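Visitor:
Protein chains in written order, with this note's numbering: chain A, 87 to 434; chain B, 24 to 531; chain C, 10 to 331.
1) Taking the alpha helix (DSSP H) that residue 9 of chain B falls in, what are its first and last residues?
2) Does the region 16 to 29 of chain C touch the region 299 to 312 of chain B, meaning 3 or more C-beta pairs lie closer than 8 angstroms?
3) Buried or exposed: where does residue 108 of chain A fall if 16 or more other Cβ atoms within 10 Å of its Cβ makes it buried?
4) Excluding five sequence neighbours on each side, which residues of the same chain lie with their C-beta closer than 7 angstroms to the C-beta of residue 503 of chain B?
5) Less than 8 angstroms separating the beta-carbons of residue 62 of chain C and residue 232 of chain C?
6) Closer than 8 angstroms, CB to CB, is residue 308 of chain A near chain B or not?
7) According to the neighbour-count rule (16 or more other Cβ atoms, all chains shown, within 10 Å of its Cβ), is residue 253 of chain C buried or exposed?
8) In whole angstroms, what separates the C-alpha of residue 30 of chain B from that of residue 206 of chain C?
9) Below 9 angstroms between beta carbons is the criterion; list the residues of the region 179 to 201 of chain A that meet it against any residue of chain C, in chain order.
10) What separation, rounded to the nearest whole angstrom, lies between the Cα atoms of residue 181 of chain A and residue 478 of chain B?
11) Hey, residue 359 of chain B and residue 493 of chain B: beta-carbon distance below 8 angstroms or not?
12) Could you tell me whether the Cβ atoms of residue 75 of chain C and residue 134 of chain C are closer together than 8 angstroms?
13) Who are the near neighbours of residue 370 of chain B in its chain, counting only those whose CB is closer than 8 angstroms to its CB and skipping five residues on each side?
14) Contact criterion: CB-CB distance below 8 angstroms. Does residue 278 of chain B meet it with respect to chain A?
15) So who's on the other strand from residue 245 of chain B, going by DSSP bridges?
16) Could you tell me whether the region 279 to 288 of chain A touches the region 299 to 306 of chain A, using the rule of 3 or more Cβ pairs below 8 angstroms?
17) Mapping DSSP to helix, strand and coil, what is residue 42 of chain B?
18) By alpha-carbon positions, which one of B:150, B:79, B:233, B:450 ends up nearest to residue 221 of chain B?
19) Please list the partners that residue 367 of chain B has in chain A, where partner means a Cβ-to-Cβ separation under 9 angstroms.
20) Please go through the same chain and pick out, in chain order, the residues whose beta-carbon is closer than 7 angstroms to the beta-carbon of residue 157 of chain B, but skip the five residues on each side of it.
21) For a contact meaning CB atoms closer than 7 angstroms, what does residue 144 of chain C contact in chain A?
22) What distance in whole Å lies between the Cβ atoms of residue 102 of chain C and residue 247 of chain C, which are believed to be in contact at a cut-off of 8 angstroms?
23) Determine the chain C residues that contact residue 168 of chain A at a beta-carbon separation under 8 angstroms, and present them in chain order.
24) Determine the extent of the beta strand (DSSP E) in which residue 353 of chain B is found, giving its start and end residues.
25) What separation, rounded to the nearest whole angstrom, lies between the Cα atoms of residue 85 of chain B and residue 44 of chain B?
26) Residues of the region 369 to 386 of chain B with a CB closer than 8 angstroms to any CB of chain A: list them in chain order, please.
27) From which residue to which residue does the alpha helix (DSSP H) around residue 86 of chain B run?
28) When you compare each of C:151, C:155, C:71 to residue 97 of chain C by their alpha carbons, which one comes out closest?
29) Could you have a look at residue 29 of chain C and say whether DSSP puts it in helix, strand or coil?
30) What's the call for residue 271 of chain B, buried or exposed, on a 16-neighbour Cβ count within 10 Å?
31) Output yes if chain C places a C-beta closer than 8 angstroms to the C-beta of residue 109 of chain B; else output no.
32) First and last residue of the alpha helix (DSSP H) that includes residue 74 of chain B?
33) Would you report the Cα separation of residue 87 of chain C and residue 146 of chain C, rounded to the nearest angstrom?
34) Could you give the C-beta distance for residue 273 of chain A and residue 343 of chain A, rounded to a whole number, given that I count them as a contact under 8 angstroms?
35) Beta-carbon of residue 293 of chain A versus every beta-carbon of chain B: anything under 8 angstroms?
36) Looking at C-alpha atoms only, which residue of C:223, C:319, C:287 is the closest neighbour of residue 114 of chain C?
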């Protein structure tokens with residue numbers, strides 16, 4: 087399944103080009119980066135929305151936006167860590183809901199304190215992710231079809247076990263986390279996603295496993311022949327993806343005060359679009375090998391902001407999905423244009 | 024300008040950062056076989072791709088029978104009568120032989136229903152002509168590699184091209200099949216077709232070609248000369264710009280030293296049966312063999328990338344079971360420089376530092392599996408300096424460097440890891456002559472410093488220059504051993520004797 | 010003859026289908042009542058078109074996440090045009106098919122022009138189409154479906170064969186002819202089998218991509234229209250649950266996701282197997298929630314089997330006599 091990759095990913099010329107790329111300063115490099123583009127867009131839209139509706143910059147609106155953004159960021163991270171291996175995980179939603187439901191069950195039915203209960207959910211997420219990873223590397227099939235199948239199995243099993251019932255007796259301390267306001271505007275959930283983002287950034291920059299996952303994603307054959315256990319790295323990435331998905335699920339549980347099987351839609355498919363929007367807007371190559379934690383963070387934030395803004399402008403909740411789809415198309419096209427500009431001017 | 028079927032004048036093609044073709048001329052006569060020769064990267068494939076409409080040339084003119092020819096697409100080239108047997112697999116595996124042979128004609132008329140019985144009958148004629156024993160309705164994926172190659176030739180012939188290009192058509196053919204192909208080439212020549220023949224096997228070139236054009240670094244080293252009168256040495260001189268000068272280094276003999284790596288009757292998944300060899304400390308052991316003889320596969324089995332079914336691998340005299348490259352590197356200090364540096368040797372999208380340092384990350388990590396790039400830089404930069412890698416900085420994207428510099432980096436990562444046994448697979452394919460000489464000296468230097476090197480190459484002068492001892496591999500077997508006394512004629516003769524002796528035995 | 014049949018892609022699913030029908034029929038005679046057969050055939054007729062819509066794209070080595078969204082959009086357009094504009098059903102259905110075709114062409118053009126993976130493109134268009142659907146309907150169904158359409162959706166010929174079986178049967182034959190007898194269809198599979206080789210043989214890859222996506226859109230729209238007739242309702246949620254099904258059936262039918270290899274008959278039997286399993290769960294009072302689990306396991310099983318066949322095939326060629 088090579089077609090899942092971007093066919094026009096920058097392929098080095100067959101002849102082995104001379105070192106022609108101009109050396110750029112840090113500032114110039116940053117100005118041409120995806121992250122900078124996202125920051126510009128975020129500032130731009132803030133101005134637009136704020137001028138249309140003063141409500142947009144109210145404490146309440148900012149707080150709500152941060153809380154929603156936190157969930158979208160975690161969903162984006164969950165997909166991002168698999169995208170960098172050159173694969174994808176359709177089961178982000180299914181795993182997230184399964185883990186969150188398990189935590190809910192631990193709190194309500196088993197009477198656990200919320201900390202071990204969350205830990206239980208995260209462990210389940212890691213296990214389900216590992217199962218995905220093992221099946222992918224053992225079968226040699228593309229992650230698309232494996233995660234498509236397992237998302238159906240996992241979600242179906244969860245619905246069967248819970249009989250589509252919710253767990254509403256969530257520990258008050260836990261659901262308080264979803265409603266606490268720091269300095270009136272900041273949600274602890276957004277803080278959590280910032281902390282996790284920093285941890286991910288450090289892990290993929292400074293740790294052996296992080297770097298080996300990136301190498302395995304960029305060129306599995308070369309990585310394998312350089313002494314990297316590629317299969318193991320792909321499995322780690324899927325396990326991590328499972329954990330991050332459950333974090334997103336737990337954030338939703340904390341916010342609504344209940345673990346509801348339908349919180350990510352049928353089969354968890356409602357998370358699919360935000361899961362890809364963040365990383366793709368953030369400039370992560372779908373072919374793998376390159377990571378931008380900041381880009382994913384900003385991408386997911388931009389999406390949340392646009393959604394909030396559009397709803398404030400009373401576009402009609404039903405149309406928002408259309409705009410998000412168009413945004414993804416636009417992001418893809420802009421990225422193509424940016425990259426061909428860079429290539430033409432030999433700035434890469 | 025009459026009498027030529029095809030003429031190219033001053034054809035130039037530039038890719039970002041590199042001039043692939045510079046003012047190239049080529050003239051093809053009807054009813055002749057024209058050899059197109061050159062080293063890897065000399066521009067042969069680019070010229071073929073321009074003639075078949077895959078690439079567009081930037082400058083220069085081409086004409087067919089005096090009419091301007093400048094194809095925008097493969098379809099246009101086909102319509103103008105240019106056919107090609109491509110080097111890479113060019114068939115649809117899930118389709119029948121017949122459909123593959125006639126794919127160009129079929130797809131030209133998208134709404135005309137395919138008449139399969141007729142298609143099979145027509146295909147049968149081509150199969151008979153090439154003496155291919157196969158059912159035209161059989162799927163290509165079920166054929167052997169040699170038969171696929173023959174089907175590919177049938178596919179090009181079925182276009183009734185007036186200009187037919189054969190790009191390494193004999194690479195996977197047996198002697199018998201090659202002779203059959205040459206018979207057909209002779210018949211096409213008699214029919215007035217202009218053939219272009221690309222091959223690395225100079226014996227074949229001398230057997231069937233009439234004229235020769237040699238490319239070197241994207242320029243004509245010679246243009247449409249009669250082949251008669253040119254000897255093998257003359258052609259080689261045209262191709263590499265000098266005669267096959269072999270620097271005569273002193274002879275080395277390490278056979279009395281300790282054995283660093285020993286294979287005892289190793290049988291592999293890839294097809295080796297009971298292969299045994301000894302690599303001594305500080306020795307450069309050559310493993311000579313043609314493409315497909317099982318050399319690379321043996322190397323991959325040694326480093327744990329491929330499965331060993333039975334037999335023993337001993338490192339420093341003790342038996343090891345190496346099941347992954349990670350074990351080969353971290354526990355046995357064995358490294359492997361791949362022949363295919365673009366897809367197996369390097370991660371082109373990552374920086375020089377990441378590529379050269381990939382093997383030392385685990386060594387440099389602390390208790391929480393973290394390391395800093397500064398520490399990696401400290402380990403790597405002396406090696407990068409020593410190898411004289413020309414890069415603006417260690418942060419440079421590896422894909423932006425020249426082939427020679429890339430090759431140095433794919434060696435550098437093993438030097439940084441300080442391996443004791445280094446397997447080097449075709450280290451000088453596609454690098455310029457200067458880097459090539461440098462790589463040879465480097466191998467020698469490493470060996471002098473105590474590293475044991477297993478050198479895999481099909482480049483005879485390279486083998487005679489660098490190796491201390493040479494093993495000859497053919498059909499996944501070691502056929503013989505030659506002690507290298509730097510006497511090129513004697514050594515090369517003996518190596519070829521081991522290979523041909525083997526195939527004569529196999530033919531009986 | 011028997012041996013050559015056994016080597017085809019559809020033989021395995023065919024045997025499983027027959028065995029399943031016999032076993033379930035023996036265990037539960039009510040399974041083979043005319044009424045039940047009619048329900049089964051109805052489900053098969055619609056689901057097969059959904060599966061075909063995906064199968065064509067699998068054939069070219071890509072994937073189309075927007076099959077369900079296109080089906081849903083065509084369905085509500087069909088119902089909406091009849092209710093709001095009062096168009097007669099033949100015109101409305103043709104227009105709805107055109108919408109599906111256009112949506113598919115849009116997918117194809119975007120994939121061919123940008124070179125971005127079909128996955129991302131169709132994920133984006135999925136939400137565009139679904140958003141338009143919800144924006145128009147505000148998640149409320151169109152109820153006013155003409156009597157003729159309702160009749161078509163529930164009438165049957167020859168006793169137990171539903172009328173909707175006819176468009177399915179015609180589509181199957183036409184699609185088979187297109188993919189396996191017409192050069193245009195062959196180019197789609199050629200591109201899926203080896204894009205580079207197809208290109209060098211003078212085949213226009215963008216053209217093949219656009220045609221494949223256009224057909225996919227058309228088939229999805231047809232499935233959506235047929236569902237409106239069957240449900241007697243223009244449900245906005247039509248297509249929401251097609252994703253898994255659309256991949257499961259072709260894959261069970263032997264399709265390889267890297268492209269070039271699909272089987273029309275195999276896909277049909279894949280749909281039959283899925284329909285039987287769904288029915289069995291109902292007949293034996295097994296929790297319907299388990300359908301998703303079973304579908305997922307079926308996909309895993311099928312891709313596993315296909316993969317084994319592929320590996321065994323390669324070994325045979327490599328080890329076979331020269």
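Even for Gly, the Cβ is constructed at its ideal location relative to N, Cα and C.
All figures in this text were calculated on a predicted structure; none of them were measured in a lab.
Guide: According to the structure shown:
1) Here chain B covers residues 24 to 531 and nothing more, so residue 9 of chain B does not appear.
2) They do not touch, by the three-pair rule.
3) No answer about residue 108 of chain A holds up, because its pLDDT of 47 lies below 50 and its placement is not dependable.
4) 495, 521.
5) Yes, these two residues count as a Cβ contact at 8 angstroms.
6) In terms of beta-carbon proximity, residue 308 of chain A lines the interface with chain B, with at least one pair separated by less than 8 angstroms.
7) Counting of Cβ neighbours within 10 angstroms places residue 253 of chain C among the buried residues, the total reaching 16 or more.
8) Their backbone Cα atoms lie some 27 angstroms apart in a straight line.
9) Here the close residues number zero.
10) In a straight line, the C-alpha of residue 181 of chain A is about 50 angstroms away from that of residue 478 of chain B.
11) No, the pair does not count as a contact, with Cβ atoms beyond the cut-off.
12) Result yes, Cβ atoms of residue 75 of chain C and residue 134 of chain C sit closer than 8 angstroms.
13) Cβ within range, chain order: 377, 378, 381, 421.
14) The beta-carbon of residue 278 of chain B is placed no less than 8 angstroms from the nearest beta-carbon of chain A.
15) In DSSP, residue 245 of chain B forms a bridge with B:237.
16) Taking 8 angstroms as the limit for Cβ pairs, the verdict is that the region 299 to 306 of chain A does not touch the region 279 to 288 of chain A.
17) Looking at residue 42 of chain B - three-state DSSP - the assignment turns out to be strand.
18) Here the closest residue by C-alpha is B:233.
19) Taking a Cβ-Cβ cut-off of 9 angstroms, the neighbours of residue 367 of chain B in chain A comprise 305, 307, 308, 310, 311, given in sequence order.
20) Contacts found: 120, 150, 166, 170.
21) Contact annotation for residue 144 of chain C against chain A: 402, 404, 405, 408 [CB-CB distance below 7 angstroms, chain order].
22) At roughly 15 angstroms, the Cβ-Cβ gap does not stay under 8 angstroms, so residue 247 of chain C and residue 102 of chain C are not in contact.
23) In chain order: nothing, as chain C lies at least about 13 angstroms away.
24) Counting along the chain, residue 353 of chain B falls outside any beta strand (DSSP E), though it belongs to the alpha helix (DSSP H) covering 348 to 353.
25) The straight-line gap from Cα to Cα measures roughly 14 angstroms.
26) Answer in chain order: 369, 370, 371, 372, 373, 377, 381, 382, 384, 385.
27) Boundaries around residue 86 of chain B are those of the beta strand (DSSP E), 82 to 87, since no alpha helix (DSSP H) includes it.
28) Out of C:151, C:155, C:71, the CA that lies nearest to the CA of residue 97 of chain C is found in C:155.
29) The answer is helix: DSSP assigns residue 29 of chain C an H, G or I state.
30) The residue in question, residue 271 of chain B, is exposed, as its Cβ has fewer than 16 Cβ neighbours within 10 Å.
31) A Cβ of chain C is located within less than 8 angstroms of the beta carbon of residue 109 of chain B.
32) Looking at the DSSP string, the run of the alpha helix (DSSP H) that includes residue 74 of chain B is 67 to 74.
33) So the alpha carbons of these two residues sit roughly 12 angstroms apart.
34) Rounded, the Cβ-Cβ distance is 15 angstroms, inconsistent with contact.
35) Output row for residue 293 of chain A: interface = yes.
36) Ranked by how close their Cα comes to the Cα of residue 114 of chain C, the residues C:223, C:319, C:287 have C:223 in first place.
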